[in-house]
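S.K.: Please see the structure below; I have some questions.
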Amino acid sequence: MTASSSSAPLEIQEIRSMMHDLEKAGGSTDKIKMLLSQFEERVKPTEKLLRETKLGIAVNKYRTHSDKEIADQVKRIIKKWKDQVTAQKNSAKHKHPHTHSHLGSSSGSAGHSGSGASNGTAQASGSSSTSPAANTPTSSPAPSASSKARTASSDGVKTSVYDDRVRNSCLELTYNALVIGATEPASQILTVAKEVEDAVFVGERGTTPGYRSKFRSLVSNLKDVNNPNLRRRVVTGEISGKRLYSMSPQEMASDEIKKDIEQFKKENLFNAQAAVQKRAITDRFTCSRCKQKKVSYFQMQTRSADEPLTTFCTCENCGKRWKFS
49 MTASSSSAPL
59 EIQEIRSMMH
69 DLEKAGGSTD
79 KIKMLLSQFE
89 ERVKPTEKLL
99 RETKLGIAVN
109 KYRTHSDKEI
119 ADQVKRIIKK
129 WKDQVTAQKN
139 SAKHKHPHTH
149 SHLGSSSGSA
159 GHSGSGASNG
169 TAQASGSSST
179 SPAANTPTSS
189 PAPSASSKAR
199 TASSDGVKTS
209 VYDDRVRNSC
219 LELTYNALVI
229 GATEPASQIL
239 TVAKEVEDAV
249 FVGERGTTPG
259 YRSKFRSLVS
269 NLKDVNNPNL
279 RRRVVTGEIS
289 GKRLYSMSPQ
299 EMASDEIKKD
309 IEQFKKENLF
319 NAQAAVQKRA
329 ITDRFTCSRC
339 KQKKVSYFQM
349 QTRSADEPLT
359 TFCTCENCGK
369 RWKFS
């Protein structure tokens, strides 16, 4: 093998083959060091590559190796890869700063969404210092930031617009969530609230249990005091009702929570598993395999916040695992 080919970036198939060799290296410190050196010199890490191959996890297992040279080499490699992946993400954000650029140009975003109500907002906000909202004669005026909290009732908005009590109730809940901290006129907030309600009604095919569950999740996220950007983007039309309906809880999360999620993902590229859940041992559950009652369990939220917790059980006698909610 020539010097130029030996320093060429490793292909995924080569990485997996060398990972297998590393796993079979056993106590051969020379072989481990040689393989680690190849990884350090020839792997061009990306989040996609590390996630697909689980190379970070395989290498990180040697972080506590009894041979100090190997342990130090692993720490150096992991730090290098983490730094490179982080730099790649930061570079991508600078190239595509679309998330925040819209916030400074809500009128442009609203125009793009095709919402007449949003266009009205841009006109009203642009001329509020010189004239009242002439185009919304039936709307309540936009209150100042120091006014008391707005609601459909305080704005004089009629939310009983459907021949369905459940839909009217959800429309009012949506209005009251969207209006938090808003300065837009009541007519615009109501138009957007109707758009959101209609998207959920159509998507869930009526006022089904799924309709109610979806609204509990949406309203909870919209009312989050730490997530004003979500409300703002919905009110201005940057996020349409249909788009909001299709967003996952992670997509709706505040910037702070998104950063935490991203950090967890990054750490899990190099750790064999996430933090172990705290387990409790009980005799309330019976193992279906060995019939013993020594069962450890933990609970966590695996679906939307309004759904029951999922219980994960492990029989301490035979190791059988199961879950229920």
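For the sequence shown, position 321 (counting from the first letter as 1) is numbered 369 according to the numbering used here, and the numbering increases by one without interruption. For glycine and all other residues, C-beta sits at the position ideal for the given N, C-alpha and C. None of these values were measured; they are calculated from a predicted model.
1) Along the chain, which unbroken stretches of the beta strand (DSSP E) at least 3 residues long are found entirely within the segment 69-103?
2) Between the segment 222-233 and the segment 268-277, do at least 3 Cβ pairs fall closer than 8 Å?
3) Hey, out of 78, 303, 246 and 133, whose CA is closest to residue 95's CA?
4) Would you report the Cα separation of residue 105 and residue 141, rounded to the nearest angstrom?
5) Assign residue 337 to one of three DSSP states: helix, strand, or coil.
6) Under 9 Å, do residue 240 and residue 289 count as touching if we go by C-beta distance?
7) Name the two residues that bound the continuous beta strand (DSSP E) containing residue 328.
8) Quick check on the DSSP output: the beta strand (DSSP E) that includes residue 343 runs from which residue to which?
9) CB residue 103 to CB residue 91, shorter than 9 Å?
10) When the Cα of residue 125 is compared with those of 114, 115, 110 and 136, which residue comes out closest?
11) Can you tell me which of the three DSSP states residue 64 falls into?
12) Sorted by chain position, which residues of the same chain lie with C-beta nearer than 7 Å to residue 223's C-beta, five sequence neighbours on each side aside?
13) Which class does residue 207 belong to by DSSP, given the choice of helix, strand or coil?
14) Are three or more beta carbon pairs between the segment 245-258 and the segment 286-306 nearer than 8 Å?
15) Where does residue 284 land, buried or exposed, given buried means 16+ other C-beta within 10 angstroms?
16) For residue 50, name the three-state secondary structure that DSSP assigns.
17) Report yes if the CB atom of residue 63 is closer than 9 Å to the CB atom of residue 84, and no otherwise.
18) Can you tell me whether residue 218 is helix, strand or coil according to DSSP?
19) Alpha carbon to alpha carbon, how far is residue 359 from residue 338?
20) What are the boundary residues of the alpha helix (DSSP H) that residue 239 is part of?
21) Taking all protein chains shown into account, do 16 or more other C-beta atoms lie within 10 angstroms of the C-beta of residue 93, making it buried, or fewer, making it exposed?
22) If I follow the unbroken beta strand (DSSP E) through residue 369, where does it start and stop?
23) State the Cα-Cα distance for the pair residue 56 and residue 65, rounded to the nearest angstrom.
24) Between the Cα of residue 127 and the Cα atoms of 263, 233 and 107, which residue gives the shortest distance?
25) On the three-state DSSP scale, how would you describe residue 358?
26) Is the CB-CB distance between residue 372 and residue 363 below 9 Å?
27) Could you check which residue in 99, 299 and 346 has the C-alpha nearest to that of residue 357?
28) According to the Cβ coordinates, are residue 218 and residue 245 closer than 9 Å?
M.R.: In this structure, then:
1) none
2) yes
3) As a position in the sequence shown, residue 95 is number 47, starting the count at 1. Taking only the C-alpha atoms, the option nearest residue 95 is 133.
4) Locating residue 105 in the sequence shown gives position 57, counting from the first residue. Locating residue 141 in the sequence shown gives position 93, counting from the first residue. Rounded to the nearest angstrom, the two C-alpha atoms are 26 Å apart.
5) Indexing the sequence shown from 1 puts residue 337 at position 289. Note: residue 337 maps to coil in three-state DSSP.
6) Numbered from 1 along the sequence shown, position 192 holds the residue referred to as residue 240. Numbered from 1 along the sequence shown, position 241 holds the residue referred to as residue 289. Result yes, Cβ atoms of residue 240 and residue 289 sit closer than 9 Å.
7) Counting from 1 along the sequence shown, the entry for residue 328 is found at position 280. Note, residue 328: beta strand (DSSP E), 328-330.
8) As a position in the sequence shown, residue 343 is number 295, starting the count at 1. Note, residue 343: beta strand (DSSP E), 343-348.
9) Walking along the sequence shown from the start, residue 103 turns up at place 55. Walking along the sequence shown from the start, residue 91 turns up at place 43. Cβ distance < 9 Å, so residue 103 and residue 91 count as in contact.
10) Against the sequence shown, residue 125 aligns to sequence position 77. That would be 110, whose Cα lies nearest to the Cα of residue 125.
11) Locating residue 64 in the sequence shown gives position 16, counting from the first residue. Helix, per DSSP.
12) Reading the sequence shown from its first residue, position 175 is the one you call residue 223. Around residue 223: 200, 205, 207, 237, 238 and 241.
13) The residue you call residue 207 lines up with position 159 of the sequence shown. Three-state result, residue 207: coil.
14) yes
15) Position 236 of the sequence shown, counting from 1, holds the residue named residue 284. Buried, by the Cβ-count rule.
16) By one-based count along the sequence shown, residue 50 stands at place 2. Bear in mind that a pLDDT of 41 at residue 50, under 50, signals an unreliable position, so the number given afterwards is only what the model happens to contain. For residue 50, the three-state secondary structure derived from DSSP is coil.
17) Reading the sequence shown from its first residue, position 15 is the one you call residue 63. Reading the sequence shown from its first residue, position 36 is the one you call residue 84. Their beta carbons are not under 9 Å apart, which means residue 63 does not touch residue 84 by this criterion.
18) In the sequence shown, residue 218 corresponds to position 170, counting from 1. Three-state DSSP puts residue 218 in a helix.
19) Position 311 of the sequence shown, counted from the start, is the residue given in the question as residue 359. Position 290 of the sequence shown, counted from the start, is the residue given in the question as residue 338. Going from the Cα of residue 359 to the Cα of residue 338 covers about 19 Å.
20) Walking along the sequence shown from the start, residue 239 turns up at place 191. Run containing residue 239: 234-251, per the alpha helix (DSSP H) assignment.
21) Start at 1 with the first residue of the sequence shown, and residue 93 comes out as number 45. Under this definition residue 93 is a buried residue.
22) Here residue 369 is taken as the residue at index 321 of the sequence shown, counted from 1. Unbroken beta strand (DSSP E) run through residue 369: 369-372.
23) Position 8 of the sequence shown, counted from the first residue, corresponds to residue 56. Position 17 of the sequence shown, counted from the first residue, corresponds to residue 65. Approximately 16 Å between the Cα atoms of the pair.
24) Locating residue 127 in the sequence shown gives position 79, where the first residue counts as 1. That would be 107, whose Cα lies nearest to the Cα of residue 127.
25) As a first step, residue 358 is located in the sequence shown; it is residue number 310 there, counting from the start. Residue 358 falls in the strand class under three-state DSSP.
26) In the sequence shown, counting from the first residue as 1, residue 372 sits at position 324. In the sequence shown, counting from the first residue as 1, residue 363 sits at position 315. No, they are not a contact pair.
27) For the purposes of this step, residue 357 is identified with residue 309 of the sequence shown, where counting begins at 1. Residue 346 is the option with its Cα nearest to residue 357.
28) As a position in the sequence shown, residue 218 is number 170, starting the count at 1. As a position in the sequence shown, residue 245 is number 197, starting the count at 1. Cβ atoms of residue 218 and residue 245: closer than 9 Å.
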